[in-house]
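For any residue, its number in the working numbering is found by taking its place in the sequence shown, counting from 1, and adding 24.
Virtual Cβ for every residue (Gly too), placed ideally from N, Cα, C.
I have placed the structure first, in the form of structure tokens, so that the comments after it can refer back to it.
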Amino acid sequence: MSSEVRPVSESEYPDWLRALHAGFLRPPVVTDAEVADRLPHTDLSRVYGVFDQGKVVATFRSFTQELSTVGGGTLVADAVSGVTVSATHRRRGLLSRMMGDDLAAAAERGDAVATLIAAEYPIYGRFGFGPATWTTEWTVDVRRAGLDPRRSGRPEDGGRIDFADGEEIRRIGPPLHRRLAGVRAGVVGRDTRGWDVVTGRCFHQDPWTEPFYGIYRSESGEVDGYVAYTCDDRWEDGKQPLNTATVKELIAVTPAAERALWRFLCSIDWVTGVKSGYRAPDDLLPLLLPDPRAARATTHADMLWVRVLDVAKVLETRTYAAAGSLVLDVRDTGGPAGGRYRLDASPQGASCTRTTESADLALDVAELGTLSLGDESVVRLADLGRVEELATGAAALADTLLRASRRPWCFDVF
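Now the structure itself:
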């Protein structure tokens with residue numbers, strides 16, 4: 025069966041959205057309001073469809089994204105989203121055609137990496153993507169947490185927490201988000217449209233529930249964090265509260281702000297449980313409680329996947345806490361990243377150039393993506409047979425150079 029892969033036109037965009045909804049098992053209905061809301065923020069030149077007899081049977085889109093790396097540097101990413109193939113057209117190579125075209129265009133533009141959030145784990149490794157960040161969600165039993173019930177939620181460091189509304193969050197949020205990207209790898213850029221989405225100022229598939237917003241200010245008055253959360257309304261027999269606060273977003277750029285916001289959530293009257301939302305696996309939450317067992321991990325899964333397109337940009341843009349040199353043999357059959365590279369790194373900077381020297385480590389480009397933001401252990405990947413250690417001690421040296429002190433975190437789904 026012949027099919028055509030090409031960008032969609034404005035008149036075809038509603039059909040593309042309908043196919044997208046069907047692919048994600050949402051009702052295949054598109055309203056004028058949805059089209060009017062999405063279209064002005066969509067670069068149709070990067071919205072691809074597969075057409076069979078004039079009907080959209082597969083969808084794919086990409087857009088330019090900023091990605092923070094270790095030490096606060098920024099990589100330009102080709103963010104991939106909206107990937108579906110109709111149930112009637114599976115196993116025909118349609119995704120491979122769309123992905124191949126997009127990655128070739130991204131490499132031609134000079135993008136350092138491609139990124140995506142994988143709906144299913146096994147799909148994207150064959151295209152050179154590797155899971156680079158992970159996420160954990162905790163459910164806290166406040167009654168078991170061991171916090172002093174006589175204390176208020178007032179921060180103990182001289183700071184304060186005040187309620188706010190969506191308008192104020194759209195004002196204070198962007199600079200706070202940029203500060204977080206400066207101290208945590210894996211944070212993806214969020215534009216004005218993104219802030220409209222997370223504060224309910226645009227179209228939503230599901231009915232919007234306005235959250236509570238709390239802003240943390242340090243003793244000097246600096247905005248160092250905020251939280252958005254909703255609460256249910258549950259009571260057991262005997263008029264005892266069983267309410268849960270569900271965190272929609274919590275951004276904190278200092279440990280004091282992070283501690284204060286979690287303690288505030290656990291101090292709200294009638295709240296007996298807190299659902300943390302997706303957090304970095306090394307979030308302070310469990311260990312800041314007197315009884316960390318009160319925080320039960322209910323989700324732990326891969327989050328942001330990275331496909332390296334330019335090895336030198338990825339390794340030169342980040343910082344390094346130690347000095348050392350490595351020669352990496354990167355395997356990327358038919359892709360732009362393949363070759364042998366010498367990395368010379370130190371706290372003063374790094375250079376990464378192609379070389380003909382003997383390699384210390386050999387790995388596929390997907391494994392390099394997994395290592396790119398400082399999260400995974402090279403030694404562990406070598407033990408798994410996914411990295412080949414060609415020089416004794418090279419894996420341990422790579423860990424010393426590449427791993428970050430705080431785990432990368434991506435909290436935006438795109």
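Limits of the unbroken beta strand (DSSP E) element including residue i
i	result
Tyr250	Val247 to Cys255
Ala276	Asn267 to Ala276
Phe288	First-last for Phe288: Pro279 to Leu289, but that is the alpha helix (DSSP H), not the beta strand (DSSP E).
Lys337	Unbroken run through Lys337 is the alpha helix (DSSP H), Val335 to Thr341; no beta strand (DSSP E).
Arg241	Phe236 to Arg241
Gly210	Taken as a continuous stretch (DSSP letters only), Gly210 belongs to no beta strand (DSSP E), as it is neither H nor E.
Gly363	Gly363 to Ser370
Cys376	Gly373 to Arg378
Asp388	Leu385 to Asp388
C-alpha distance - residue i paired with residue j, whole-angstrom precision
i	j	result
Glu260	Val211	40 Å
Asp125	Arg30	10 Å
Asp102	Met122	14 Å
Val247	Gly262	41 Å
Thr379	Ile141	33 Å
Ala269	Gly348	47 Å
Glu243	Pro279	14 Å
Trp158	Ser429	15 Å
Pro314	Arg184	22 Å
Tyr253	Asn267	13 Å
Val100	Leu392	17 Å
Ser382	Ala419	15 Å
Tyr344	Gly398	10 Å
Ile292	Ala169	14 Å
Gln3	Val251	Any property of residue 3 remains undetermined from this structure, which presents the chain solely from 25 to 438.
Phe151	Arg133	18 Å
Asp39	Val53	10 Å
Asp440	Arg115	Examination of residue 440 is not possible in this model, given that the chain is present from 25 through 438 alone.
Pro310	Ala318	8 Å
Pro316	Gln372	39 Å
Val94	Pro179	30 Å
Residues of its chain near residue i, where Cβ-Cβ distance is below 8 Å and the 5 sequence neighbours each way are ignored
i	result
Thr112	Val81
Pro231	none
Arg258	Pro265, Leu266, Asn267 and Thr268
Ala361	Gly152, Val332, Leu333, Asp334, Val335, Val354, Val389 and Leu392
Val295	Val166, Cys255, Pro265, Asn267, Thr268, Ala269 and Leu289
Arg410	Leu387, Asp388 and Glu391
Coarse secondary structure for residue i, derived from DSSP in three states
i	result
Thr216	helix
Trp158	strand
Gly398	coil
Leu352	strand
Asp39	helix
Gly393	helix
Glu58	helix
Gly47	helix
Ile70	Position check: residue 70 holds Arg in this sequence, whereas Ile was assumed. Note: Arg70 maps to helix in three-state DSSP.
Val53	coil
Val221	helix
Arg167	helix
Cβ neighbours of residue i in the same chain (closer than 6 Å, five flanking residues each side left out)
i	result
Cys226	Asp61 and Asp220
Val74	Ser27, Val29, Val81, Ala82 and Leu118
Asp388	Arg355
Val271	Tyr253, Ser300 and Gly301
Glu439	This structure leaves residue 439 out entirely; the chain is present only between 25 and 438.
CB contact below 7 Å: residue i versus chain C
i	result
Ile185	Here there is only one protein chain, and chain C is not present.
Same chain only: Cβ atoms within 7 Å of residue i, ignoring 5 sequence neighbours per side
i	result
Phe84	Tyr72, Gly106, Val107, Met122 and Asp126
Thr424	Ala346 and Gly348
Leu339	Leu367, Ala374 and Cys376
Asp326	Ala142, Tyr145, Pro155 and Trp158
Ala369	Tyr344, Ala347, Gly348 and Leu425
Asp189	Tyr237
Val434	Note on identity: in this sequence residue 434 is Cys, with Val being the wrong assignment. Within the same chain, Cys434 has close Cβ partners Thr157, Gly210, Val211, Val212, Met327 and Leu328.
Asp135	Val100, Ala101, Asp102 and Leu333
For residue i, the first and last residue of its enclosing alpha helix (DSSP H)
i	result
Glu192	Gly190 to Ala205
Glu28	Premise fails: Glu28 lies in the beta strand (DSSP E), Glu28 to Pro31, not in any alpha helix (DSSP H).
Which ranges does the beta strand (DSSP E) cover as unbroken runs of at least 3 residues, wholly within the stretch 300-329, from first to last along the chain? 319-326
Quick one: complete alpha helix (DSSP H) runs, 4+ long, within the stretch 88-162? 118-133
Every unbroken beta strand (DSSP E) inside the stretch 403-435 [3 residues or more]: 411-413
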